[in-house]
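Numbering of the sequence shown is given in the working numbering, commencing with residue 455 and proceeding in unit increments. So the structure is just underneath, and the comments pick up after that.
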Amino acid sequence: MQLSRPARRVLLVVHVAVSVGWLGLTTGLLALGITGFTTDAQQTAAGTYGAMRILTDQLVLPVAVLSLASGVVLALGTPWGLARHRWVLTKFWLTLAAVGMTVLVLRPGIDRLATTAAAGHPAPDPGLLVAPAVASALYFFLTAVSVLKPWGRTRRGGRPPGARPTPPPS
Numbered sequence: 455m456q457l458s459r460p461a462r463r464v465l466l467v468v469h470v471a472v473s474v475g476w477l478g479l480t481t482g483l484l485a486l487g488i489t490g491f492t493t494d495a496q497q498t499a500a501g502t503y504g505a506m507r508i509l510t511d512q513l514v515l516p517v518a519v520l521s522l523a524s525g526v527v528l529a530l531g532t533p534w535g536l537a538r539h540r541w542v543l544t545k546f547w548l549t550l551a552a553v554g555m556t557v558l559v560l561r562p563g564i565d566r567l568a569t570t571a572a573a574g575h576p577a578p579d580p581g582l583l584v585a586p587a588v589a590s591a592l593y594f595f596l597t598a599v600s601v602l603k604p605w606g607r608t609r610r611g612g613r614p615p616g617a618r619p620t621p622p623p624s
């Protein structure tokens with residue numbers, strides 16, 4: 455199934471906007487995490503971890519899922535396909551892993567930290583600095599892959615249309 459040109463363009467704009475938004479949100483989480491980790495003020499730590507919880511619950515999770523869903527629909531509705539090009543397949547698997555890690559690791563960690571900080575017992579977790587830093591680097595990498603489109607076709611993608619088969623060696 456091929457998307458019509460107007461539908462593809464709208465979906466592409468949505469996908470780029472939410473994907474780059476995901477990068478920005480994660481960078482914001484990193485800034486808040488650094489603030490909460492380095493402060494000596496209990497109220498500041500509680501506030502920053504609470505803000506991280508709100509951002510994760512209200513924005514990061516929906517944006518992550520929308521990025522994954524819009525990317526899959528774009529891949530399936532355009533000639534790029536989901537398994538024809540290595541760069542598309544790489545983006546799919548890394549995005550799927552990032553969404554899973556957001557749901558299974560990042561969100562519960564932030565929730566736990568925000569709860570203990572609100573109770574007056576903040577126990578800073580360096581993992582909550584590492585997670586947004588690694589995620590930001592990953593999303594930057596995925597953005598670069600989207601722009602550069604490296605690595606060529608997969609076996610399933612075959613050779614490019616119009617390409618001549620290579621003659622056997624003599």
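Every residue, glycine too, gets a C-beta built ideally from N, C-alpha and C.
Check: Nearest-angstrom Cα separation, counted from residue 549 out to residue 605; Outcome: 18 Å
Check: Inter-residue spacing [alpha-carbon to alpha-carbon] between residue 537 and residue 598; Outcome: 19 Å
Check: Sub-7 Å separation of residue 567 and residue 503 beta-carbons; Outcome: yes
Check: Residue 610 in three-state terms, based on DSSP; Outcome: coil
Check: CA-to-CA distance, residue 521 to residue 457, given in whole angstroms; Outcome: 18 Å
Check: Buried or exposed (CB count within 10 angstroms, at least 16 for buried), residue 492; Outcome: exposed
Check: Segment contact, 8 Å Cβ cut-off, at least three pairs: the region 512-530 with the region 456-472; Outcome: yes
Check: For residue 577 and residue 489, the rounded distance between their alpha carbons; Outcome: 13 Å
Check: Residue from 539, 589, 461, 588 with nearest C-alpha to residue 524; Outcome: 461
Check: Coarse secondary structure for residue 539, derived from DSSP in three states; Outcome: strand
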